[in-house]
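Quick notes on the structure that follows.
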């Protein structure tokens, strides 16, 4: 059985690497951060960083029913879905923190039974699917690792390789939380 506490520990460890890659990318000039590199779905470092955070926000919006009523999004949600609003690392780090705070609040509000209960959700206005919340949240976690690997490759291409220490981007096995700002 999944518990909110265990899932929060997993997500905290995931965010540790997210914060590290954002900090690493502070060394990039504006041009490097936005340079289009061929062969990547999101062709810039900034685009990759935005996408991985935005995907977490998307899935939390799915889980919290934000697509159930059609296209009535808050001004903040509209702002968050515009990549141009996150053109530097400070803006992306603020975005990461805000989105992660929603994730933490969502998980803390769930029981172990609710985390594993299949339920109908709207993935887009009018588009319903059956999803299991814990599976969606684990998909968010694994999605981050995929894009952090892509970012590591992009950093090498831009001649700013990430540190070789396993815990920098990988899932920290031995380090103990708190890693980020959302511990009680």
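Numbering (this note's numbering), first residue to last: 8 to 191.
Heads up, the beta-carbon is just placed ideally off N, CA and C, and yes, glycines get one too.
Cβ-Cβ separation between residue 130 and residue 69: approximately 6 Å, consistent with a contact (criterion under 8 Å).
Taking all protein chains in view, the Cβ of residue 142 is surrounded by fewer than 16 other Cβ atoms within 10 Å, so the residue is classified as exposed.
Rounded to the nearest whole angstrom, the C-alpha separation of residue 112 and residue 47 is 33 Å. A distance below 8 Å separates the beta carbons of residue 140 and residue 121. Residue 169 sits close to residue 159, with the two beta carbons spaced by under 8 Å.
Linking residue 155 to residue 127 through their CA atoms gives a straight-line distance of about 30 Å. For residue 105, the uninterrupted alpha helix (DSSP H) segment begins and ends at 96-115.
The Cβ atoms of residue 125 and residue 137 sit closer than 8 Å to each other. Within the region 20-66, the complete alpha helix (DSSP H) segments at least 4 residues long are 37-41, listed from N- to C-terminus.
Partner residues in the beta bridge of residue 126, as assigned by DSSP, are 138. Per the coordinates, the alpha-carbon of residue 10 lies some 43 Å from the alpha-carbon of residue 38. Residue 72 counts as exposed, since fewer than 16 other C-beta atoms from the protein chains shown sit within 10 angstroms of its C-beta. For residue 171, there is no enclosing alpha helix (DSSP H), as DSSP gives it neither H nor E.
Counting along the chain, the unbroken alpha helix (DSSP H) around residue 86 starts and ends at 82-87. Contact between residue 161 and residue 44 holds: their C-beta atoms lie close to 6 Å from each other, under 8 Å. Taking the Cβ atoms as the reference, residue 93 lies roughly 5 Å from residue 57, within the contact range of under 8 Å. According to the DSSP secondary-structure assignment, residue 131 is paired through a beta bridge with 134.
Sixteen is the threshold: since fewer than 16 other Cβ atoms of the shown chains lie within 10 Å of the Cβ of residue 133, the residue is exposed.
Comparing C-alpha distances from residue 153 to each of 30, 60, 31 shows the shortest one belongs to 60.
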